[in-house]
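Peer 1:
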């Protein structure tokens, strides 16, 4: 009974966290419900917001039963107009926003009784951030962002302070496959923050201005005229010198940009992006580029608070829960891993 | 209709309206339906102009109040449809009631803002507080701006909820006891929900749970089973009662929504009136802000055909020039019934002056203040302009064909007092016939009740009964001193001066061509030809 609970790692260290799944049906919603339950037990006033079409009864793609979100009285939430009527949790409306979804406008409110609720939200990460702050102003102590898969940006440090990564059997057919693919994501998310504080400030300013820049070893900075860093490797390559120490990409790090840089570099260079969500390099390329000498850095890092595993796949296969849990724990010894489906050790066998 | 679409387009009247920014959806609708005051609505136009002028003064003296009012107005959403649906007997949903409640508070703030203004507000603009609706939506007088079907709405609802709360609490206590009991008996911990999940591989545990009457099966997946602490008969009875109370609550909530809707419906007209007043108030504020932008003045409206503009500025060209760091040279015009002919140098601003006259007249008749030092005009039944551009190609007509077909429209209208503006009459045909047609049209319009302004390069159009204005142009300028063609405008004197008697159109075309860089060889040739003719 001495086990640390997921919620202990989350709160009060963080005020806004994102729950991101590695794949469809990886167990994100179960994770979310578990955090909600634990927060309720601790008496933490929650705010809930989603970046996608979550909280619906059925998963649109695979048609599997999807657990909806069960909210407790007093929880602040972002929902949609059409979900407020009916038998769900009674919702006290605080604000009707101008953001439209196919299910009506996005509404900020508070649950006045326990019940199931449709959690919704806007798409843009800036707006999500605004609404998170709004819920905090309304009184939420901890805001949980239900990040949909294609909206990884909710994990960006700009939006949330920490991320819980939900992974599971649906990601691959074998335990090794699941562990490997999850490891890859964790590795990209864990790209280190640039060590030198002055370089970090320079890079931050360049990205803030939307500019790609080269920083030489003597600290001098050159701004390049690239519209975006996407496909801008060519242009950057032309400016690389022996003393170029850092390349700041204003946009994303893609395989082609990084490759161009590595092929043309004249000395050791580190490539800096805003945060790990700006890295778009497939696993296979990542390995090769690493061998070519790729050194990635970020201005702001992502804090992975924990990983949750789900041994079931809706495709009809499953892994031995304890084996998956152990394999994941061995693979990422520095990050706590929980099995929220089984409830971990705590509720399975006492 | 004051102007046809083509005239509006040539004058770029929409360009002026684009800078008119009402902040509420109601003001926006009024703006979209804005119409010019008719030739017989002089009194109403005067009233409107007085009010816009008054508002402009108020904005400058009580700016903070207006900033406050506009901030509140910006929060208004278009909920007219909800109110109309409600009046028609519809039941409002909770989101709609929330928006109405919000509206009540915004209206209150706007109304307070109005009271702070030093203005004797006409009824049309007076935003009345909706206190009765505040009482309906906030019966407890809590001042809470959120919305929910609160207990305050009915005693019955409060009673149901209280009872439900009590039972839920009792159930909770029993549940917790049961869980504690189960944990003690089974030696395992149970989730707060009362559930416990075991893997099917844990056969011993599974068998133990299966046989225990404290637990019941709650669910099963591929590899594990979830049991739930079985509720005893007291708990079951409580659960049943809670369920039935929930049903009663839902019914009572629906009844309350109906009651609220019917109360709002019975005085729904008043809400619509408030929306109308907000729209009117919003639009007139927007007009005043617009006038502030170009420092507009109230025109004098008189009874006979006349258009006097003293130091008028074209608001759109002025603002475009200002962005380039240049200033618009104001133009003064004095136009009377009959025909006025404007001649003058190329690039002398004849077209701009013509368009400015039309635009300022149109703005005045739409109840907008005027970018000028002084303006006097009579009511126009129409404003019509013909100005050269490539629009004729759309209609498959030649430049001349398009112009003549449009001038025909103006000739038909010319029996009433109005404004006809024709830029370079008959420019698209041979000078010989063009001159003849121009002379005849000018002669015809000279006796009509309206004002006609014609710009032309033809000599000899002016004559008896025709006023003749000329652009001062590049007179007394040493062309050799002008280096850059772009600087011509700096030397150009746009002033219009009245010419009496016969006067020839100024000869600046060759000089300007020279500045623009036409080869000297050609220009000398042209001068030679000119010399031969003269």
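Chains as they are written, first to last, in the numbering used here: chain A, 3 to 352; chain B, 1340 to 1873.
For every residue, glycine included, the Cβ atom is placed at its ideal position computed from N, Cα and C.
1) Within the 8 Å Cβ cut-off, does residue 323/A reach chain B?
2) Can you give me the Cβ contacts of residue 1806/B inside the same chain, cut-off strictly under 6 Å, excluding the 5 residues immediately before and after it?
3) Mind the definition here: the region 1747-1761 of chain B touches the region 1779-1788 of chain B only if three or more C-beta pairs lie below 8 Å; say whether that holds.
4) Can you list, in chain order, the residues of the region 1525-1559 of chain B whose Cβ is nearer than 7 Å to any Cβ on chain A?
5) Could you spell out the range, first to last residue, of the beta strand (DSSP E) harbouring residue 1809/B?
6) Cβ atoms of residue 1739/B and residue 1770/B: under 8 Å apart, would you say?
7) Where residue 1746/B and residue 1351/B are concerned, what is the direct C-alpha to C-alpha distance, given to the nearest angstrom?
8) Looking at residue 1701/B: is its Cβ nearer than 8 Å to the Cβ of residue 1342/B?
9) Would you say residue 1582/B faces chain A, with C-beta separation under 8 Å as the test?
10) Does the region 1607-1622 of chain B touch the region 1661-1676 of chain B, meaning 3 or more C-beta pairs lie closer than 8 Å?
11) Report the neighbours of residue 118/A on chain B: residues whose CB is nearer than 9 Å to its CB, in chain order.
12) Name, going along the chain, the residues of the region 207-219 of chain A whose beta-carbon falls closer than 9 Å to a beta-carbon of chain B.
13) What do you reckon, are the CB atoms on residue 186/A and residue 314/A nearer than 8 Å?
14) Quick check: is the beta carbon of residue 341/A nearer than 8 Å to any beta carbon in chain B?
15) Quick check on the burial criterion: 16 or more other C-beta atoms within 10 angstroms. Buried or exposed for residue 221/A?
16) Count the other CB atoms, across all protein chains shown, that sit within 10 Å of the CB of residue 1486/B; report buried if there are 16 or more and exposed otherwise.
17) Would you kindly work out how many angstroms separate the C-alpha atoms of residue 1552/B and residue 1568/B, rounded to a whole number?
18) Since residue 1641/B sits in a beta bridge, which residues does DSSP pair it with?
19) Buried or exposed: where does residue 110/A fall if 16 or more other Cβ atoms within 10 Å of its Cβ makes it buried?
20) For residue 1438/B, which residues in chain A fall below 7 Å Cβ to Cβ?
21) Secondary structure at residue 61/A, three-state DSSP: helix, strand or coil?
22) Quick one, which of 85/A, 145/A, 181/A, 283/A has its alpha-carbon nearest residue 28/A's?
23) Going by beta carbon distance, what residues of the same chain come within less than 6 Å of residue 147/A, once the five residues before and after it are set aside?
24) Determine the DSSP secondary structure at residue 78/A, reduced to helix, strand or coil.
25) To be precise: take each residue of the region 1423-1447 of chain B, compare its Cβ to all Cβ atoms of chain A, and keep it if any distance is under 7 Å. Which residues remain?
26) What does residue 1441/B pair with, by DSSP beta-bridge criteria?
27) Note down, in chain order, every chain A residue with its Cβ under 9 Å from the Cβ of residue 1499/B.
28) Locate the beta strand (DSSP E) running through residue 53/A, then write down its first and last residues.
29) So what's residue 1560/B in DSSP terms, helix, strand or just coil?
30) Thinking just about the alpha-carbon of each residue, which of 1564/B, 1639/B, 1448/B, 1481/B is nearest to the one in residue 1718/B?
31) Measure the alpha-carbon distance for residue 145/A versus residue 138/A and round it to whole angstroms.
32) Counting along the chain, where does the beta strand (DSSP E) carrying residue 1510/B start and finish?
33) Since residue 86/A meets chain B, which of its residues come closer than 7 Å, beta carbon to beta carbon?
34) Whose Cβ in chain B lies nearer than 9 Å to the Cβ of residue 109/A?
35) Are the region 189-205 of chain A and the region 297-312 of chain A touching, with three or more C-beta to C-beta distances below 8 Å?
36) Below 8 Å on the Cβ atoms is my guess for residue 283/A versus residue 255/A; work out the distance and round it to an integer in Å.
Peer 2: This is what the structure gives:
1) Interface residue, yes.
2) Same-chain partners within the cutoff: 1679.
3) Look at the beta carbons and you see the region 1747-1761 of chain B touching the region 1779-1788 of chain B: at least three pairs across the two are nearer than 8 Å.
4) 1526, 1527, 1528, 1530, 1531, 1535, 1536, 1537, 1538, 1541, 1544
5) 1806-1812
6) Contact flag unset, no.
7) 19 Å
8) yes
9) no
10) no
11) Correct list: empty, because the minimum Cβ distance to chain B is about 14 Å.
12) Of all residues in the region 207-219 of chain A, none has a Cβ within less than 9 Å of some Cβ in chain B.
13) no
14) no
15) exposed
16) buried
17) 9 Å
18) 1717/B, per the DSSP bridge assignment.
19) buried
20) 98
21) Its pLDDT being 46, under 50, residue 61/A is placed unreliably by the model, and the measurement read from it follows with that caveat. Coil at residue 61/A, not helix or strand.
22) 181/A
23) 20, 51, 156, 162
24) strand
25) 1432, 1433, 1434, 1437, 1438
26) DSSP lists no partner for residue 1441/B.
27) What residue 1499/B touches in chain A: nothing, since even the nearest Cβ is about 12 Å away.
28) It is not in any beta strand (DSSP E) - residue 53/A carries neither H nor E in the DSSP assignment.
29) Residue state, collapsed to three classes: coil.
30) 1639/B
31) 7 Å
32) Looking at the DSSP string, residue 1510/B is not in any beta strand (DSSP E); the run it does join, the alpha helix (DSSP H), is 1494-1525.
33) Contact note: residue 86/A reaches chain B through 1433, 1434, using a C-beta cutoff of 7 Å and chain order.
34) 1434, 1437
35) Counting Cβ pairs under 8 Å, three or more are found: they touch.
36) The C-beta distance from residue 283/A to residue 255/A rounds to 7 Å, short enough to meet the 8 Å contact threshold.
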